[in-house]
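Participant: One structure is given below, represented as structure tokens, and several questions about it will come after.
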């Protein structure tokens with residue numbers, strides 16, 4: 006992505022502004038920035054960047070400047086959209102108190118209607134340019150339902166609201182453009198996206214890669230295991246499966262191909278591991294902090310609950326690459342070709358300091374997520390100077406480049422959260438959200454398993470084309486209430502939609518992460534996508550396990566929790582064995598089916614089904630193990 010001095014200065018100022026407000030520095034000088042003013046500045050800055058960088062046609066313009074500092078040609082309609090957004094958001098900035106006077110009994114007057122439209126149109130166009138047509142169409146569908154539901158039959162019927170009431174909800178209401186989702190983007194997401202960009206600029210991604218190779222490269226399938234470890238660690242920080250796939254994939258995919266993995270398998274491993282970083286505590290790509298705000302629980306409780314499911318996800322991937330290496334006869338890399346553990350560790354041990362500081366600030370000091378993230382960014386700046394390589398020092402120029410990268414990643418989230426606010430306003434007015442969740446429950450006949458399947462499928466579809474954080478916010482709004490309605494705890498319901506929504510990153514036909522890794526591996530999209538689905542099957546199955554088995558979310562007695570995790574871990578290993586067709590020896594199709602079925606039984610609740618699953622696993626593993634030992638002894 007080509008950068009220019011003007012744009013880098015502009016994006017850096019945007020980041021600095023958000024850091025100042027989130028850290029509440031103005032209060033030190035007895036200055037108070039109202040929340041809706043802060044959000045107006047936030048969405049306005051995002052819209053300006055979107056219309057400078059992303060043209061309607063999809064080709065990027067406006068990113069380069071000449072020596073004179075002038076931008077390349079930006080079409081007149083983009084300037085018009087920027088002007089509209091400036092007027093709509095600017096009025097809130099200039100006169101935030103008066104804007105409330107435009108709503109009388111929840112309706113806007115003529116001036117308020119004009120202001121609302123001037124902001125809503127750029128917001129919807131901004132989200133179209135950053136994500137495509139899907140989300141704007143969904144939003145306008147819910148807006149249309151709110152306006153015309155008095156003419157609709159059955160479940161969709163309602164009183165209907167005039168445009169001025171709908172625009173009030175979008176522009177002035179607590180659940181509109183300036184509602185909770187945009188607040189999360191402006192106070193949390195931008196901080197942690199910048200944190201990830203600073204870690205990248207400080208050389209953390211290369212160090213994570215070297216450490217992963219030092220830890221796992223000596224074993225069978227070492228580079229693939231290193232890809233899993235490195236992508237998990239860095240993916241949790243970066244917050245973008247596709248971005249993480251590109252960052253670590255350029256190192257891991259060629260190594261996997263070099264030792265004998267097929268291009269499709271190598272690309273699939275990287276795509277699935279990079280996606281899994283989003284569900285890996287402690288950072289979870291900022292989703293942990295957003296969920297904590299959304300369901301009003303502590304950050305620590307999110308991290309604790311998400312730990313075991315994430316571990317099972319990566320266990321299946323890790324075991325899969327190990328078994329595939331045995332199946333294909335792939336030998337370990339020579340130790341002489343691998344980074345040594347201790348030299349690698351001493352070269353970058355200080356990258357662990359910001360991670361530890363983040364956990365301390367969030368869990369023990371109980372700081373708000375945004376504040377904790379800002380302090381952690383300070384630690385990244387400080388520890389970068391411990392590097393012997395001056396290229397990793399975060400000098401002012403490199404800091405600005407990192408701020409620029411973080412803001413560019415953030416503008417998509419800002420546009421989506423603002424537009425989702427419009428949708429939430431429509432849902433609250435019309436009651437369609439409640440009706441939609443009731444509709445899913447009714448279709449399922451009140452059966453929890455059927456409801457879970459329906460919610461999972463819809464979450465997979467809705468998640469296609471969205472980045473991780475926007476996907477979660479959208480699904481938390483639309484899909485999680487259906488599960489909560491049937492008595493599923495908030496935590497389990499939200500984690501369920503996260504897992505299924507993120508699976509869209511490697512599930513055809515969209516599979517954004519696969520597009521990235523396949524281009525690096527020179528593999529075909531569809532074979533790579535299907536391979537990724539097999540590797541990432543945990544995202545489809547583990548959510549059912551933790552809904553029915555609360556012990557996987559650390560709920561219950563110590564015995565229940567330990568038993569749940571142990572049986573699920575054995576089940577995950579059996580699932581991987583059934584999918585790969587190997588358990589100390591090659592498995593025939595019938596054996597693979599039984600092994601996979603036994604794995605499903607192992608992750609079922611209770612003890613009866615896991616006991617049957619364990620018996621199946623022992624029966625299938627024992628012959629191959631005995632033959633292998635006999636061959637070794639002979």
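In my numbering, the protein residues as written are 6 to 639. All C-beta atoms, glycine included, are put in the ideal place defined by N, C-alpha and C.
1. Between the alpha carbons of residue 621 and residue 593, how many angstroms are there, rounded?
2. May I ask you to report which of helix, strand or coil DSSP gives residue 156?
3. When you compare only the Cα positions, how much space is there between residue 300 and residue 503?
4. Which residues in the same chain have their Cβ closer than 8 Å to the Cβ of residue 22, if we skip the five residues on either side of it in sequence?
5. Which residue from 368, 563, 526 puts its Cα closest to that of residue 269?
6. Look at residue 277 and residue 322 and say whether their C-beta atoms are less than 8 Å apart.
7. Do residue 519 and residue 235 count as a contact pair if the criterion is CB distance below 8 Å?
8. Just to confirm before moving on: does the CB-CB distance between residue 557 and residue 348 stay below 8 Å?
9. Which residue spans inside the stretch 301-337 form an unbroken alpha helix (DSSP H) run of at least 4?
10. Shorter than 7 Å, the distance from the beta carbon of residue 175 to the closest heavy atom of the ligand FAD, or not?
11. Going by beta carbon distance, what residues of the same chain come within less than 8 Å of residue 546, once the five residues before and after it are set aside?
12. So who's on the other strand from residue 591, going by DSSP bridges?
13. Residue 525 lies in the alpha helix (DSSP H); which residues open and close that run?
14. Does the beta-carbon distance from residue 394 to residue 248 come in below 8 Å?
15. With a Cβ-Cβ cutoff of 8 Å, do residue 468 and residue 509 count as a contact?
16. Can you list, in chain order, the residues of its chain whose CB lies under 8 Å from that of residue 145, leaving out five sequence neighbours each side?
17. Can you tell me whether DSSP reads residue 392 as helix, strand or coil?
18. Taking a contact to mean a Cβ-Cβ separation below 8 Å, would you say residue 475 touches residue 418 in this structure?
19. Could you give the distance in angstroms between the alpha-carbon of residue 65 and the alpha-carbon of residue 89?
20. To the nearest angstrom, how far is it from the Cα of residue 123 to the Cα of residue 86?
21. Could you tell me the distance, in whole angstroms, from the CA atom of residue 11 to the CA atom of residue 53?
22. Nearest by alpha-carbon distance to residue 33: which of 39, 40, 25 is it?
23. Taking just the CA atoms, how far does residue 586 sit from residue 465?
24. Reducing DSSP to helix, strand and coil, say where residue 538 ends up.
25. Just verifying my parser: in three-state terms, what is the DSSP assignment at residue 656?
26. Note down the Cα distance separating residue 487 from residue 432, rounded to an integer number of angstroms.
27. In chain order, what residues of the same chain have a beta carbon less than 6 Å from the beta carbon of residue 374, not counting five sequence neighbours either side?
28. Enumerate in chain order the residues of its own chain whose CB-to-CB distance from residue 17 is below 7 Å, with the five nearest sequence positions on each side excluded.
29. Under a Cβ-count criterion, where at least 16 other Cβ atoms within 10 Å of its own Cβ denotes burial, should residue 62 be classed as buried or exposed?
30. For residue 74, collect the residues of the same chain with a Cβ closer than 7 Å to its Cβ; drop the 5 residues on either side in sequence, then sort them by chain order.
31. Throw me the rounded Cβ distance for the residue 420 and residue 55 pair, which I believe falls under 8 Å.
32. What did DSSP end up calling residue 101 once you bin it into helix, strand or coil?
33. Can you give me the Cβ contacts of residue 344 inside the same chain, cut-off strictly under 7 Å, excluding the 5 residues immediately before and after it?
34. Assuming the contact rule is C-beta atoms closer than 8 Å, residue 176 and residue 120 should be a hit. Round their C-beta distance to whole Å, please.
35. I need the straight-line Cα distance from residue 126 to residue 440, nearest angstrom please.
Facilitator: Here's the rundown:
1. Rounded to the nearest whole angstrom, the C-alpha separation of residue 621 and residue 593 is 15 Å.
2. DSSP places residue 156 in helix when its eight states are reduced to three.
3. Approximately 14 Å between the Cα atoms of the pair.
4. Hits under 8 Å: 46, 50.
5. Nearest C-alpha to residue 269: 526.
6. Yes, the Cβ-Cβ distance between residue 277 and residue 322 is below 8 Å.
7. It is not a contact, given that the beta carbons lie outside the stated cut-off.
8. In this structure, residue 557 keeps its C-beta atom at 8 Å or more from the C-beta atom of residue 348.
9. Correct list: 304-333.
10. Summarising the ligand content, the structure contains no ligands, and the ligand FAD is consequently not present.
11. These residues qualify, in order along the chain: 580, 605, 608.
12. Looking at the DSSP assignment, residue 591 forms a beta bridge with 587.
13. Unbroken alpha helix (DSSP H) run through residue 525: 517-526.
14. No, they are not a contact pair.
15. Yes; because the gap between Cβ atoms is below 8 Å, this pair is in contact.
16. Excluding residues within five positions, the ones whose Cβ falls inside 8 Å are 129.
17. Residue 392 falls in the coil class under three-state DSSP.
18. Yes; because the gap between Cβ atoms is below 8 Å, this pair is in contact.
19. Note that residue 65 scores a pLDDT of 42, beneath 50, so its modelled location is shaky; the value from the coordinates is reported in the next line. Between residue 65 and residue 89, the C-alpha separation is close to 21 Å.
20. Distance between the alpha carbons of residue 123 and residue 86: 8 Å.
21. Each residue's Cα considered, the two are about 13 Å apart.
22. Ranking 39, 40, 25 by Cα distance to residue 33 puts 25 first.
23. Straight-line Cα distance between these residues: approximately 27 Å.
24. The three-state secondary structure of residue 538, taken from DSSP, is helix.
25. The question about residue 656 has no answer here: the residues shown for the chain are numbered 6 through 639.
26. Cα to Cα, the separation comes out at about 14 Å.
27. Same-chain partners within the cutoff: 193, 294.
28. Counting only Cβ-Cβ distances below 7 Å, and skipping sequence neighbours, we find 405, 408, 409.
29. It is exposed - the Cβ of residue 62 has fewer than 16 other Cβ atoms within 10 Å.
30. Unreliable placement is indicated for residue 74, whose pLDDT of 37 sits below 50; no coordinate value is reported for it.
31. Sure, about 6 Å apart at Cβ, within 8 Å.
32. Coil, per DSSP.
33. Non-local C-beta neighbours of residue 344 in its own chain, meaning closer than 7 Å and more than five positions away in sequence, comprise 215, 218, 219, ordered along the chain.
34. Going by Cβ atoms, the distance from residue 176 to residue 120 rounds to 7 Å, so yes, they are a contact pair.
35. CA-CA distance, residue 126 to residue 440, rounds to 27 Å.
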